[in-house]
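Residue numbers (my numbering): 586 to 865.
Just below is one structure, and these are the notes that go with it.
Shown next as structure tokens:
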């Protein structure tokens, strides 16, 4: 094998190992965040929400919703910790430039983490959180039947023709179908509203065309609107959160007694003791 081919093979092998290392690091970081978020949610949730459900169908729906909420919280926590992680990794590389064991904290890893956080945050915001909410509120389309069931539990008797009763919609797949349809209709409604708003603001023929440039224009515009709403909500909620935090901290912490005069307190105590002794 020629030296040039050996060099090219070595470069490809190094790129492969770096890619595998980045995938492993991203997987381990997300698994750690997911486990942490699972403990946080299970600590603060009501025990009657998921634990005290006797129906297998409702229990499975609640477990799926819990998993989706845990995934979303892990993505949000990763987005919050990504900037401090980038700063700390840069400082570590600058402090130990020749150390072999910290070379995995490179720009490629940070760039990959930023791309993953951006992708999963959009996925959680647009799809996972609405799906979890509509999935827990859904009951399935009318006429859907549960496939199978618990052993020993009789199946519901279908209503007689002409009666006003309708069979209860059961089954997880029926709920999935209903949630998918509702989420699709909601997506079309939001996209239509954004398209109409863009056509009204633009006031030209190009802005009134069909959704041909959906991926290049309307989705970034929608993401910008959602980001603006989040920033406004943050600006409104931050002062109230800070005031509440300082109020709770002031109630929990004990004020220091560094500026108090001990001689004055001692004299007051002696006077109180003398007063009590005279009364006795």
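For glycine and all other residues, C-beta sits at the position ideal for the given N, C-alpha and C.
Delimiting residues of the alpha helix (DSSP H) encompassing residue i
{"i": "residue 850", "result": "847 to 864"}
{"i": "residue 718", "result": "714 to 722"}
{"i": "residue 646", "result": "641 to 680"}
Residue i beta carbon near the ligand ZN (any heavy atom closer than 7 Å)
{"i": "residue 682", "result": "Only the bare structure without any ligand can be found here, which leaves the ligand ZN out of the picture."}
Inter-residue spacing [alpha-carbon to alpha-carbon] between residue i and residue j
{"i": "residue 714", "j": "residue 600", "result": "36 Å"}
{"i": "residue 722", "j": "residue 647", "result": "10 Å"}
{"i": "residue 864", "j": "residue 848", "result": "25 Å"}
{"i": "residue 752", "j": "residue 829", "result": "For residue 752, the pLDDT reaches just 42, beneath the cut-off of 50, and the residue's location in the model is therefore unreliable, leaving the point undetermined."}
{"i": "residue 676", "j": "residue 669", "result": "11 Å"}
{"i": "residue 696", "j": "residue 671", "result": "10 Å"}
{"i": "residue 765", "j": "residue 777", "result": "18 Å"}
{"i": "residue 652", "j": "residue 643", "result": "14 Å"}
{"i": "residue 854", "j": "residue 838", "result": "26 Å"}
{"i": "residue 781", "j": "residue 684", "result": "56 Å"}
{"i": "residue 857", "j": "residue 850", "result": "11 Å"}
{"i": "residue 624", "j": "residue 614", "result": "16 Å"}
{"i": "residue 811", "j": "residue 627", "result": "29 Å"}
{"i": "residue 596", "j": "residue 588", "result": "12 Å"}
{"i": "residue 814", "j": "residue 590", "result": "54 Å"}
{"i": "residue 594", "j": "residue 704", "result": "32 Å"}
{"i": "residue 835", "j": "residue 823", "result": "18 Å"}
{"i": "residue 678", "j": "residue 687", "result": "7 Å"}
{"i": "residue 827", "j": "residue 775", "result": "34 Å"}
{"i": "residue 809", "j": "residue 819", "result": "15 Å"}
{"i": "residue 825", "j": "residue 712", "result": "30 Å"}
{"i": "residue 673", "j": "residue 682", "result": "14 Å"}
{"i": "residue 852", "j": "residue 831", "result": "35 Å"}
{"i": "residue 629", "j": "residue 779", "result": "36 Å"}
{"i": "residue 861", "j": "residue 821", "result": "56 Å"}
Beta carbon of residue i nearer than 8 Å to that of residue j
{"i": "residue 608", "j": "residue 701", "result": "no"}
{"i": "residue 606", "j": "residue 689", "result": "yes"}
{"i": "residue 660", "j": "residue 709", "result": "yes"}
{"i": "residue 773", "j": "residue 716", "result": "no"}
{"i": "residue 655", "j": "residue 619", "result": "yes"}
{"i": "residue 680", "j": "residue 603", "result": "no"}
{"i": "residue 650", "j": "residue 720", "result": "yes"}
{"i": "residue 617", "j": "residue 664", "result": "no"}
{"i": "residue 622", "j": "residue 666", "result": "no"}
{"i": "residue 645", "j": "residue 757", "result": "yes"}
Reduced DSSP secondary structure (H/G/I, E/B, other) of residue i
{"i": "residue 689", "result": "coil"}
{"i": "residue 599", "result": "helix"}
{"i": "residue 769", "result": "helix"}
{"i": "residue 684", "result": "coil"}
{"i": "residue 825", "result": "helix"}
{"i": "residue 757", "result": "helix"}
{"i": "residue 836", "result": "helix"}
{"i": "residue 725", "result": "coil"}
{"i": "residue 605", "result": "helix"}
{"i": "residue 740", "result": "Because the pLDDT of residue 740 is 48, which lies under 50, any placement of that residue in the model is unreliable, and the number read from its coordinates should be weighed accordingly. Coil."}
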